[in-house]
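Everything below concerns the one structure shown next.
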Amino acid sequence: MKDKKKTKSKTKKKKPTTRFWLRPIGIIRSPLKDRHGAPRQGSEGAPDAWLDVRAWAAKGLLRVGVGDELIVITWLHRSRRGTFQVYPRSDKRHRLHGVFATRSPDRPNPLGLHPVTVREIAGRRLRIGPIEAIDGTPVVDIKPVI
């Protein structure tokens, strides 16, 4: 009887990965053109901006009205996804923090949460504010504040 040698598989173990597909429902049109010129929070002098909702998603605006408070969820498309630790507000006088203990836009899954008020509605465009998102930021969802 021959000895059977166990051979090691030459395939590398893969890390478990789940992928998600997000379809932007709209886009932010803002006077803020780059992230360095944007306030860190909407409450720190952020301007109003227009949220242009895609035609296919416009039916989702039914019963959204002027004065409504919403949470706009964005994909922070210019963020650095490999960042896991930051100095809060980029100030090295602060201790280093993990990104999950901060509101840094640089994070593995760069979702932005923006509490806003609807100021005006023009068809499928909402003027909202204040919002610190830069021009061209994709919007992935809108939820009412309850």
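If you're matching positions, the sequence shown starts at 247 in my numbering and goes up one per residue. Beta carbons: idealized from backbone N, C-alpha and C, even for Gly.
Item                                                                                                                                                      : Value
Counting along the chain, where does the beta strand (DSSP E) carrying I374 start and finish?                                                             : R371 to G375
With DSSP collapsed to three states, give me the class of R281.                                                                                           : helix
Flag this pair as yes or no: are the beta carbons of D314 and R365 separated by less than 8 Å?                                                            : no
Comparing C-alpha positions only, which one of G382, E378, L308 and L307 sits nearest to P351?                                                            : E378
Taking 8 Å as the cut-off, decide whether the C-beta atoms of A301 and I271 are in contact.                                                               : no
Does the Cβ-Cβ distance between V299 and R370 come in under 8 Å?                                                                                          : yes
Secondary structure at G306, three-state DSSP: helix, strand or coil?                                                                                     : helix
Identify the residues that DSSP records as bridge partners of P354: which are they?                                                                       : For P354, which the question treats as bridged, DSSP gives no partner whatsoever.
Can you tell me whether P390 is helix, strand or coil according to DSSP?                                                                                  : strand
To the nearest angstrom, report how far apart D337 and H343 are at their CA atoms.                                                                        : 11 Å
Which value, in whole angstroms, describes the spacing of the CA atoms of S276 and T263?                                                                  : 34 Å
Using C-beta distances below 8 Å, list every residue in its chain close to K340, excluding the 5 sequence neighbours before and after it, in chain order. : As written in the sequence, residue 340 is His, which differs from the Lys given in the question. Counting only Cβ-Cβ distances below 8 Å, and skipping sequence neighbours, we find Y333 and P334.
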